[in-house]
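These protein sequence lines map, in sequence, to chains A and B.
Residues in the first sequence are numbered from 1 upward in steps of one, following UniProt numbering.
Residues in the second sequence are numbered from 1 upward in steps of one, following UniProt numbering.
Let me begin by presenting the structure, written as structure tokens, before commenting on it.
Number of protein chains: 2
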Amino acid sequence: MKEAGGRPNIAAVAAAAGVSVTTVSHVLSGRKPVSARTKAKVEAVIEELGYRPNPSARSLRTARSESIALIVPDLTNPFYPLVAAGLQDVLMSSGYLLSVTDAALPSRALPEVVRHVLARRVDGIVLATYGATDNDIDKIRKSGTKLVRLGGRFRAEFGDIVRADDASGVHDVVSHLIDRGYQRIAFLNGEPHAHPSQIRLEGYERALREADRPILPDLIHSGTFTRAGGAEGARALLSRSPRPDALVCGNDLIAVGALDVTRQLGLSVPGDVAITGYDDIEAASLITPALTTVLNPAREIGRTCARLLLDRLAGEYDDTAREIVLAHRLIVRDSS
Amino acid sequence: MKEAGGRPNIAAVAAAAGVSVTTVSHVLSGRKPVSARTKAKVEAVIEELGYRPNPSARSLRTARSESIALIVPDLTNPFYPLVAAGLQDVLMSSGYLLSVTDAALPSRALPEVVRHVLARRVDGIVLATYGATDNDIDKIRKSGTKLVRLGGRFRAEFGDIVRADDASGVHDVVSHLIDRGYQRIAFLNGEPHAHPSQIRLEGYERALREADRPILPDLIHSGTFTRAGGAEGARALLSRSPRPDALVCGNDLIAVGALDVTRQLGLSVPGDVAITGYDDIEAASLITPALTTVLNPAREIGRTCARLLLDRLAGEYDDTAREIVLAHRLIVRDSS
DNA sequence: CTGAAAGCGCTTACAG
DNA sequence: CTGAAAGCGCTTACAG
Numbered sequence: 001m002k003e004a005g006g007r008p009n010i011a012a013v014a015a016a017a018g019v020s021v022t023t024v025s026h027v028l029s030g031r032k033p034v035s036a037r038t039k040a041k042v043e044a045v046i047e048e049l050g051y052r053p054n055p056s057a058r059s060l061r062t063a064r065s066e067s068i069a070l071i072v073p074d075l076t077n078p079f080y081p082l083v084a085a086g087l088q089d090v091l092m093s094s095g096y097l098l099s100v101t102d103a104a105l106p107s108r109a110l111p112e113v114v115r116h117v118l119a120r121r122v123d124g125i126v127l128a129t130y131g132a133t134d135n136d137i138d139k140i141r142k143s144g145t146k147l148v149r150l151g152g153r154f155r156a157e158f159g160d161i162v163r164a165d166d167a168s169g170v171h172d173v174v175s176h177l178i179d180r181g182y183q184r185i186a187f188l189n190g191e192p193h194a195h196p197s198q199i200r201l202e203g204y205e206r207a208l209r210e211a212d213r214p215i216l217p218d219l220i221h222s223g224t225f226t227r228a229g230g231a232e233g234a235r236a237l238l239s240r241s242p243r244p245d246a247l248v249c250g251n252d253l254i255a256v257g258a259l260d261v262t263r264q265l266g267l268s269v270p271g272d273v274a275i276t277g278y279d280d281i282e283a284a285s286l287i288t289p290a291l292t293t294v295l296n297p298a299r300e301i302g303r304t305c306a307r308l309l310l311d312r313l314a315g316e317y318d319d320t321a322r323e324i325v326l327a328h329r330l331i332v333r334d335s336s
Numbered sequence: 001m002k003e004a005g006g007r008p009n010i011a012a013v014a015a016a017a018g019v020s021v022t023t024v025s026h027v028l029s030g031r032k033p034v035s036a037r038t039k040a041k042v043e044a045v046i047e048e049l050g051y052r053p054n055p056s057a058r059s060l061r062t063a064r065s066e067s068i069a070l071i072v073p074d075l076t077n078p079f080y081p082l083v084a085a086g087l088q089d090v091l092m093s094s095g096y097l098l099s100v101t102d103a104a105l106p107s108r109a110l111p112e113v114v115r116h117v118l119a120r121r122v123d124g125i126v127l128a129t130y131g132a133t134d135n136d137i138d139k140i141r142k143s144g145t146k147l148v149r150l151g152g153r154f155r156a157e158f159g160d161i162v163r164a165d166d167a168s169g170v171h172d173v174v175s176h177l178i179d180r181g182y183q184r185i186a187f188l189n190g191e192p193h194a195h196p197s198q199i200r201l202e203g204y205e206r207a208l209r210e211a212d213r214p215i216l217p218d219l220i221h222s223g224t225f226t227r228a229g230g231a232e233g234a235r236a237l238l239s240r241s242p243r244p245d246a247l248v249c250g251n252d253l254i255a256v257g258a259l260d261v262t263r264q265l266g267l268s269v270p271g272d273v274a275i276t277g278y279d280d281i282e283a284a285s286l287i288t289p290a291l292t293t294v295l296n297p298a299r300e301i302g303r304t305c306a307r308l309l310l311d312r313l314a315g316e317y318d319d320t321a322r323e324i325v326l327a328h329r330l331i332v333r334d335s336s
């Protein structure tokens with residue numbers, strides 16, 4: 001009735017309490033009436049034996065794993081650990097386990113990561129990677145696993161989305177630069193086909209249009225959402241002539257790379273050229289000059305994702321897809 | 001034989017292939033001889049049906065969950081996401097799932113987190129938090145869960161350890177400051193009872209002793225391993241008179257907080273006071289002045305932890321505890 | 001090389 | 001309010 005010298009199982013508890021395993025299970029779940037006396041007795045035995053239900057057995061029966069997977073493009077980007085922390089904030093108290101997978105490493109293609117995670121039969125997935133294709137999303141949806149995405153195109157068949165209003169965020173940065181009198185405002189973006197890139201580009205173009213400024217393809221550069229990508233792009237843009245007097249960067253990492261280049265080139269920021277970021281990672285306030293950027297509420301995004309997932313898992317919401325847009329905030333510092 | 005409209009189980013595969021479930025299982029595990037012809041047939045059916053073994057059923061039978069938990073004190077400290085990425089580097093290819101839990105939040109006490117993780121019956125735990133008590137460690141060890149710690153006192157009963165040589169790291173920083181002619185070198189530490197604090201303090205004291213310098217309790221301050229802790233400690237230390245001319249900080253976050261304070265106080269770094277960090281997080285090279293620090297090989301630490309765990313889980317190593325010390329490297333930048 | 005059968009530890013109709 | 005029994009989907013001696 002008890003694993004040899006190991007952990008007690010539900011039968012051991014039942015035996016010690018003089019009841020059936022059914023009754024112990026009812027006490028555990030609280031879903032069926034149990035007399036106060038029996039309940040107390042069972043709980044005492046559970047405490048005494050240090051009994052914990054075996055999660056595999058439970059999962060096998062209920063077809064629920066009580067775990068959620070977060071898939072991120074790059075753990076090295078501090079935005080994503082914050083999202084993870086936000087998920088934990090709400091997940092932990094519900095007993096869910098959070099697994100985190102970095103899909104960025106060479107040889108770790110997203111479809112493979114998705115397969116890996118689905119094979120583990122997690123109950124829900126938070127897909128935080130802009131590299132996801134319709135195919136990846138389709139595979140998750142067809143498996144029946146609940147899905148929340150961090151951004152991406154909103155479509156009923158693709159499930160819930162939580163995102164910040166990136167287009168407006170970039171719009172606000174560009175308007176701010178226009179207000180300050182910058183004339184040749186360039187845009188240094190991340191992966192060109194990634195959805196956040198496209199949406200941030202929209203914000204850039206909208207702000208220029210509103211100010212009756214021309215949109216010059218020559219002043220738009222796409223690369224990757226990394227420091228290296230920023231450096232490379234900044235070198236390209238700053239060699240245009242006439243030189244841009246402001247670089248609006250797709251995220252803070254890109255801006256950091258751009259700052260590296262201005263330093264190498266001996267350009268003063270914001271004197272010769274203004275530089276702005278996006279996300280407001282901690283480094284944004286640490287570097288010199290401190291970076292003008294847009295606060296992307298990573299932790300709150302994580303919390304919201306968890307809530308949406310739990311809603312659906314608990315069956316409290318089972319309707320059409322929802323898109324939740326969280327407010328951004330322009331943060332003006334010294335680089336503009 | 002098949003879940004209604006759902007995923008195929010091993011019986012469905014067996015039926016479609018015209019063999020027994022035992023044989024399918026043997027093909028899956030590769031641990032028993034199966035004829036080439038049968039094997040090919042079974043594999044074809046698996047492919048066709050898109051069969052994936054149910055991990056809960058497998059775990060229930062084998063008493064193995066194929067998952068590893070990482071417990072960190074603060075996901076916001078970029079050191080830990082890097083450790084997580086290193087773990088993934090080696091874990092993913094072995095089919096293990098990595099869960100990450102932040103034990104730092106208010107109301108998320110470590111004993112509770114440990115209980116939560118043990119209740120999930122993970123196969124191994126990487127305990128990356130300096131807040132662990134002997135009691136926490138004991139509980140993990142007694143549960144039979146494999147454990148690797150990131151630092152801490154090395155004791156046979158407490159299992160494997162992977163760490164950088166922190167004492168030597170701080171020693172090297174202090175020696176470097178002495179070489180540069182700094183006279184009143186203060187130490188701004190993290191949580192006083194945490195093991196990394198103690199060991200880093202040792203390095204500080206050893207370097208002073210070697211240089212025949214006095215160790216002045218007045219110049220040693222303990223707080224927390226955070227930016228806020230650094231600010232508070234720097235305010236205290238910089239108000240001593242005579243004022244210290246160098247602040248050796250227990251980690252980079254503390255150093256960042258100290259830099260905040262020097263800026264407020266109008267002190268020049270390294271002119272009035274040198275400041276050094278520990279870890280070499282990305283921000284260390286971004287801030288101004290760029291931080292002199294010690295490279296703590298986080299990602300490699302993560303990889304090494306994973307290897308030790310897998311060794312033990314595979315039964316390839318089942319002997320006394322091992323302590324693996326990875327080399328650090330002094331990185332001199334502009335703050336000293 | 002192949003298969004019948006037991007059993008891992010739960011939950012959940014179902015019966016009383 | 002309580003319990004006997006089936007069954008979730010695997011793996012693993014054991015027998016042949």
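Backbone N, C-alpha and C fix where the C-beta goes; we use that ideal spot for every residue, glycine too.
Small disclaimer: the values here were computed from a predicted structure and weren't measured.
Chain-ordered chain A contacts of residue i [CB-CB under 9 Å]
{"i": "residue 116 (chain B)", "result": "92, 95 and 97"}
{"i": "residue 101 (chain B)", "result": "88, 92, 97 and 98"}
{"i": "residue 267 (chain B)", "result": "The contacting residues do not exist; residue 267 (chain B) stays about 15 Å from chain A at best."}
Residue j beta carbon less than 7 Å from that of residue i
{"i": "residue 257 (chain A)", "j": "residue 227 (chain A)", "result": "yes"}
{"i": "residue 56 (chain A)", "j": "residue 59 (chain B)", "result": "yes"}
{"i": "residue 284 (chain A)", "j": "residue 252 (chain A)", "result": "yes"}
{"i": "residue 269 (chain A)", "j": "residue 335 (chain A)", "result": "yes"}
{"i": "residue 303 (chain B)", "j": "residue 86 (chain B)", "result": "yes"}
{"i": "residue 83 (chain B)", "j": "residue 327 (chain B)", "result": "no"}
{"i": "residue 277 (chain B)", "j": "residue 293 (chain B)", "result": "yes"}
{"i": "residue 245 (chain A)", "j": "residue 183 (chain A)", "result": "yes"}
Chain-ordered chain B contacts of residue i [CB-CB under 7 Å]
{"i": "residue 286 (chain A)", "result": "256, 283, 286 and 287"}
{"i": "residue 78 (chain A)", "result": "78"}
Residue i, DSSP secondary structure in three states
{"i": "residue 32 (chain B)", "result": "coil"}
{"i": "residue 13 (chain A)", "result": "helix"}
{"i": "residue 158 (chain A)", "result": "helix"}
{"i": "residue 321 (chain A)", "result": "coil"}
{"i": "residue 8 (chain B)", "result": "strand"}
{"i": "residue 251 (chain A)", "result": "coil"}
{"i": "residue 269 (chain A)", "result": "coil"}
{"i": "residue 304 (chain B)", "result": "helix"}
{"i": "residue 95 (chain A)", "result": "coil"}
{"i": "residue 332 (chain B)", "result": "coil"}
{"i": "residue 101 (chain A)", "result": "strand"}
{"i": "residue 151 (chain B)", "result": "coil"}
{"i": "residue 327 (chain A)", "result": "coil"}
{"i": "residue 354 (chain B)", "result": "An answer regarding residue 354 (chain B) cannot be provided, because it is not within the stretch 1 to 336 covered by chain B."}
{"i": "residue 276 (chain B)", "result": "strand"}
{"i": "residue 143 (chain A)", "result": "coil"}
{"i": "residue 22 (chain B)", "result": "helix"}
{"i": "residue 225 (chain B)", "result": "coil"}
{"i": "residue 178 (chain A)", "result": "helix"}
{"i": "residue 163 (chain B)", "result": "strand"}
{"i": "residue 132 (chain B)", "result": "coil"}
Contacts that residue i makes with chain B (C-beta to C-beta distance below 8 Å)
{"i": "residue 251 (chain A)", "result": "In chain order: nothing, as chain B lies at least about 14 Å away."}
{"i": "residue 82 (chain A)", "result": "75 and 76"}
Reference residue i; option with closest CA among the options
{"i": "residue 162 (chain B)", "options": "B:138, B:125 and B:171", "result": "B:125"}
{"i": "residue 101 (chain A)", "options": "A:34, A:72 and A:210", "result": "A:72"}
{"i": "residue 266 (chain B)", "options": "B:295, B:235 and B:311", "result": "B:235"}
{"i": "residue 74 (chain B)", "options": "B:122, B:130, B:209 and B:134", "result": "B:130"}
{"i": "residue 282 (chain B)", "options": "B:225, B:7 and B:80", "result": "B:80"}
Interface partners of residue i on chain A, CB under 8 Å
{"i": "residue 54 (chain B)", "result": "60 and 121"}
Amino acids of chain A, ordered along the chain, whose beta-carbon sits closer than 7 Å to that of residue i
{"i": "residue 85 (chain B)", "result": "75, 76 and 102"}
{"i": "residue 57 (chain B)", "result": "60"}
Contact list for residue i against chain B, beta-carbon separation under 9 Å
{"i": "residue 65 (chain A)", "result": "55 and 56"}
Counting Cβ pairs closer than 8 Å, one from the stretch 310 to 323 of chain A and one from the stretch 151 to 165 of chain A, do we hit at least three? yes
Are there three or more Cβ pairs, one per stretch, closer than 8 Å when the stretch 179 to 190 of chain A is compared with the stretch 200 to 207 of chain A? yes
Any chance the stretch 111 to 119 of chain A sits against the stretch 107 to 120 of chain B, with 3 or more Cβ pairs inside 8 Å? no
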